[in-house]
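A short worksheet on the structure shown next.
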Amino acid sequence: MSTTGFDAERPIDLHTHSNVSDGTESPGEVIRQAQRAGLGTIALTDHDTWDGWDEAAAVAKAAGITFVPGVEFSTQVYGASVHVLGYLVDRHNVELYESITEVRESRLTRAERMVERIGVDFPLTWEDVLGESEVGATIGRPHIADALIRRGIVADRSEAFESILHWRGGYYQPHHAPEPEEAIRLIRNAGGVAVLAHPGSRGRVGLDGGRFERLVAAGLAGVEIYHRENDEDSRALLWDYAREFDLIVTGSSDYHGAGKENRLGENTTEPEYLQRIIDAATGTKPQYGSSSA
Ligand code: AMP
Ligand code: FE
Ligand code: FE
Ligand code: ZN
Numbered sequence: 011m012s013t014t015g016f017d018a019e020r021p022i023d024l025h026t027h028s029n030v031s032d033g034t035e036s037p038g039e040v041i042r043q044a045q046r047a048g049l050g051t052i053a054l055t056d057h058d059t060w061d062g063w064d065e066a067a068a069v070a071k072a073a074g075i076t077f078v079p080g081v082e083f084s085t086q087v088y089g090a091s092v093h094v095l096g097y098l099v100d101r102h103n104v105e106l107y108e109s110i111t112e113v114r115e116s117r118l119t120r121a122e123r124m125v126e127r128i129g130v131d132f133p134l135t136w137e138d139v140l141g142e143s144e145v146g147a148t149i150g151r152p153h154i155a156d157a158l159i160r161r162g163i164v165a166d167r168s169e170a171f172e173s174i175l176h177w178r179g180g181y182y183q184p185h186h187a188p189e190p191e192e193a194i195r196l197i198r199n200a201g202g203v204a205v206l207a208h209p210g211s212r213g214r215v216g217l218d219g220g221r222f223e224r225l226v227a228a229g230l231a232g233v234e235i236y237h238r239e240n241d242e243d244s245r246a247l248l249w250d251y252a253r254e255f256d257l258i259v260t261g262s263s264d265y266h267g268a269g270k271e272n273r274l275g276e277n278t279t280e281p282e283y284l285q286r287i288i289d290a291a292t293g294t295k296p297q298y299g300s301s302s303a
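Counting from 11, one number per residue, gives the positions in the sequence shown under my numbering.
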């Protein structure tokens with residue numbers, strides 16, 4: 011295997027999280043886990059940040075794994091959360107940087123507000139939450155969940171999301187996020203490739219045909235079909251859209267370390283689709299690994 015392409019023989023996983031957002035492992039540890047799982051290519055796609063790229067790339071280089079830089083953008087449609095994966099964006103693009111900075115700052119204020127409200131009924135403080143997150147990490151409900159676990163208020167993240175952190179749980183607060191069309195335009199303008207993440211997840215906003223057409227018009231290039239939160243029916247529908255709009259089709263784990271049950275490589279992407287992502291991108295390039303490492 012040369013350093014001019016990725017290894018098409020080994021599995022490709024294009025959606026993972028580190029503790030730079032709401033995963034539980036450092037970016038380097040995610041790559042080491044990928045190596046242990048036998049993956050040949052991995053994308054790190056932390057929520058609203060690319061701060062893990064350099065560490066992940068350095069460890070991937072030593073591990074002989076191809077590294078694809080990515081970000082999972084938080085967007086919303088009438089208050090419902092929609093995630094858009096952006097691959098190979100230019101992180102020096104000012105507009106994109108300003109947009110994700112705004113989202114991250116709003117996430118911080120929103121989490122503080124949620125903790126304030128939770129603190130009225132439960133022994134939970136903002137310091138508890140800071141203790142569960144890395145400095146500068148994109149803060150999300152999972153960090154509040156970890157603080158609730160530490161305090162013995164819930165057993166695990168899932169229980170937290172089903173009760174106190176549920177959007178109807180009485181403590182929920184929204185955060186600012188652009189509409190998906192806007193995020194897609196920003197990704198494209200930064201030379202990246204936009205892929206709609208797990209459209210069949212709770213809410214199923216991403217399955218609406220009219221919406222899908224508008225996303226494609228805004229520059230959506232692909233759709234994540236093979237993901238544990240897309241059931242059989244949504245996969246069939248998404249394949250119809252993929253054929254209709256000639257979309258790139260991906261499959262990924264959405265690994266969060268110990269924060270979720272999702273295991274690395276549980277879903278994978280076909281090499282020809284990764285090649286299409288690489289060919290369409292002008293923002294940056296993957297760092298190719300060599301299997302001789
Ligand atoms: P937020 O973006 O802060 O509203 O939180 C949503 C994040 O929480 C998503 O990115 C998921 O990764 C994570 N999440 C949602 N539900 C669960 C769950 N049941 N267990 C663990 N993590 C979850
Ligand atoms: Fe997450
Ligand atoms: Fe997501
Ligand atoms: Zn994700």
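Just so you know, even glycine gets a beta-carbon here, dropped at the ideal spot from N, CA and C. All of these numbers come straight from a predicted model, not from anything done at the bench.
- Residue burial is scored here from C-beta neighbours: glycine 48 has fewer than 16 other C-beta atoms within 10 angstroms and is therefore classed as exposed.
- Exposure of arginine 46 is indicated by the presence of fewer than 16 other C-beta atoms within 10 angstroms of its C-beta.
- Inter-residue distance for isoleucine 149 and aspartate 58 is about 10 Å (C-alpha atoms, whole angstroms).
- With a cutoff of 6 Å, proline 152 counts as near ligand 1, since its C-beta is closer than that to a heavy atom of the ligand.
- Counting C-beta pairs closer than 8 Å gives fewer than three between the segment 86-95 and the segment 58-73, which falls short of the contact rule.
- Taken atom to atom, the span from the alpha-carbon of threonine 34 to that of aspartate 156 is near 10 Å.
- Distances from the CA of threonine 135 to each of Thr260, Glu144, Glu122, Gly146 were compared; the closest alpha carbon is that of Glu122.
- Pairing serine 84 with aspartate 56 gives a Cβ-Cβ distance that is not under 7 Å.
- If you draw a 10 Å sphere on the C-beta of serine 168, you find fewer than 16 other C-beta atoms in it, and that means exposed.
- Within 10 angstroms of the beta-carbon of proline 184 lie fewer than 16 other beta-carbons, which makes it exposed.
- By the Cβ-count criterion, valine 145 is exposed, with fewer than 16 other Cβ atoms from all chains shown falling within 10 Å of its own Cβ.
- Per DSSP, histidine 93 is one residue of the beta strand (DSSP E) stretching across 90-97.
- By DSSP's assignment, isoleucine 258 forms a beta bridge with Gly232.
- Residue burial is scored here from C-beta neighbours: proline 152 has at least 16 other C-beta atoms within 10 angstroms and is therefore classed as buried.
- With respect to proline 209, glycine 219 sits apart: the two C-beta atoms are not nearer than 7 Å.
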